[in-house]
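*Asks:*
Written as C-alpha cells, this is what we have:
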C-alpha cells in the first residue's frame, strides 16, 4: 500500500476552486468525480496524490478528477474553460519534474480508468487508453498476440506520456521510438469537442503531438498504435570497461 501522511504534515490550501466551476460540474452530473484538496491523509485525494519522486517537494493540486469515459472529460474541459481553471492530464505520473501534478491552482485529470486495450491481430495494430501503464500493455500484447512495441522497462510508466513525449527502449534500434508507432490519436480539444488526429485528419496536429503532445494541445484519451512481430531470438549482453584502460586507449 502507498504511504500516507499525517494531517499535520499537509500544508493548508492556498487557493480554492471557483464555486461556479463546481456548480458547472454538478449541473452536468460530474461533480462526484472531483476530489478536492483535504488534509485527511486517508482521503481519496491523498491516495490519488501519491508521488514516487522524492527529490522534489510534494505538490498539492487543488483537486483530482477521475473520469471513466470521454464524456466525463468533455464535461470538465467545458467547465474549466468557462471558469478559468487549469487542467493537467496525468497518465502514469512518472514526470521527473512533477509536471503531471500541476500546481496549487490546477485540477489533475487522472486517466487511470481509461486503460482499455483492443488489438487487431490481422493488421498488427492496437488501441490503448491514455491511462494505461506499460505493464497493462506489454504483457497482454506479447502473451496473447506475440506483438511488441518499443518502450522502456519500468512497468508503472504511462503509455500516453511516453509515446507523446518520444519514448525509447531496448527495441528502438529495431523499431524506432514509441512515438513512431502512433497511427492515430483521439483527443478532447479546448472547446470540449472530440477530434481524431492522424496523417489524414488534422495532419499538422498529428505531427505536433508526436514528441510534444503530453498535455500541450488537448486531453489525449486514446492512442492507436502499430504493433511489431516479436523477435524469435534476442541477443543481449553487457560490456564493462576499466576506466584506466579506457584512459590509456585514448592517449
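Residue numbers (the numbering used here): 234 to 484. Ideal Cβ positions, reconstructed from N, Cα and C, are used throughout, including at glycine.
#1: With a floor of 3 residues, list each beta strand (DSSP E) that falls wholly inside the segment 378-464, ordered by position along the chain.
#2: Just mark residue 312 as buried or exposed, buried being the case when its beta carbon has 16 or more other beta carbons within 10 Å.
#3: What number of angstroms, rounded off, separates the C-alpha of residue 388 from the C-alpha of residue 319?
#4: If residue 397 sits next to residue 369, beta carbons under 8 Å apart, how far is it from one beta carbon to the other, in whole angstroms?
#5: So the candidates are 429, 470, 305; which of them puts its Cα closest to the Cα of residue 260?
#6: Can you give me the C-alpha to C-alpha distance between residue 315 and residue 308, rounded to a whole angstrom?
#7: Among 276, 299, 280, which has the Cα closest to the Cα of residue 258?
#8: By DSSP's criteria, residue 322 is part of a beta bridge. Which residues make up the other side?
#9: To which residues of the same chain is residue 484 closer than 8 Å at the C-beta, ignoring the five residues directly before and after it?
#10: Per DSSP, residue 361 is paired with what?
#11: By DSSP's criteria, residue 296 is part of a beta bridge. Which residues make up the other side?
#12: For residue 463, count neighbouring C-beta atoms within 10 Å of its own C-beta (all shown protein chains included) and say buried if the count is 16 or more, exposed if not.
#13: Within its chain, find whatever has a CB closer than 6 Å to the CB of residue 251; leave out the 5 residues flanking it on each side and keep chain order.
#14: Report whether the distance from the Cβ of residue 325 to the nearest heavy atom of the ligand FAD is below 7 Å.
#15: Consult DSSP for residue 366 and reduce its assignment to one of helix, strand or coil.
#16: Could you check the C-alpha separation between residue 460 and residue 343 for me, to the nearest Å?
#17: Determine, using beta-carbon pairs with one atom in the segment 438-454 and one in the segment 414-427, whether at least three such pairs fall under 8 Å.
#18: If distances are taken between C-alpha atoms only, which option among 392, 390, 286, 375 comes closest to residue 465?
#19: How is residue 285 classed by DSSP in three states: helix, strand or coil?
*Replies:* So, to answer that:
#1: Fully enclosed beta strand (DSSP E) runs of 3 or longer: 415-421, 427-430, 452-459.
#2: Here residue 312 is taken as the residue at index 79 of the chain shown, counted from 1. Buried.
#3: Locating residue 388 in the chain shown gives position 155, counting from the first residue. Locating residue 319 in the chain shown gives position 86, counting from the first residue. Residue 319 has its alpha-carbon roughly 29 Å from the corresponding atom of residue 388.
#4: If you number the chain shown from 1, residue 397 lands on position 164. If you number the chain shown from 1, residue 369 lands on position 136. Taking 8 Å as the upper bound for CB-CB distance, residue 397 and residue 369 are not in contact here, some 17 Å apart.
#5: Along the chain shown, read from residue 1 onward, the residue named residue 260 stands at position 27. Taking only the C-alpha atoms, the option nearest residue 260 is 305.
#6: Here residue 315 refers to the residue found at position 82 of the chain shown. Here residue 308 refers to the residue found at position 75 of the chain shown. Taking the straight line from one Cα to the other gives about 11 Å.
#7: Locating residue 258 in the chain shown gives position 25, where the first residue counts as 1. Residue 258 has its Cα closest to that of 299, out of 276, 299, 280.
#8: To locate residue 322, count along the chain shown from 1; it is residue 89. Answer is 342, bridged to residue 322.
#9: Position 251 of the chain shown, counted from the first residue, corresponds to residue 484. Note on residue 484: pLDDT 48, under 50, position unreliable in the model; the coordinate value appears next. The answer is none, since no qualifying residue turns up.
#10: Within the chain shown, numbered from 1, the residue matching residue 361 stands at position 128. DSSP output for residue 361 lists 350, 456 as bridge partner(s).
#11: Position 63 of the chain shown, counting from 1, holds the residue named residue 296. As DSSP reads the structure, residue 296 sits in a beta bridge with 269, 340.
#12: Taking the first residue of the chain shown as 1, we reach residue 463 at position 230. Residue 463 is exposed by the Cβ-count criterion.
#13: Your numbering for residue 251 matches position 18 in the chain shown. Excluding residues up to 5 positions away in sequence, 316 lie with their Cβ nearer than 6 Å to the Cβ of residue 251 in the same chain.
#14: With respect to the ligand FAD, the structure shown offers nothing to examine, as it has no ligands at all.
#15: In the chain shown, the residue the question calls residue 366 occupies position 133. Reduced to three states, the DSSP call for residue 366 is strand.
#16: Position 227 of the chain shown holds residue 460. Position 110 of the chain shown holds residue 343. Near 26 Å, if we compare the C-alpha coordinates of residue 343 and residue 460.
#17: In this structure the segment 438-454 touches the segment 414-427; the number of beta carbon pairs closer than 8 Å is three or more.
#18: Indexing the chain shown from 1 puts residue 465 at position 232. Check the Cα spacing between residue 465 and each of 392, 390, 286, 375: the tightest is with 375.
#19: Residue 285 sits at position 52 when you count from the first residue of the chain shown. DSSP, reduced to helix, strand and coil, places residue 285 outside both helices and strands of the structure shown, so it counts as coil.
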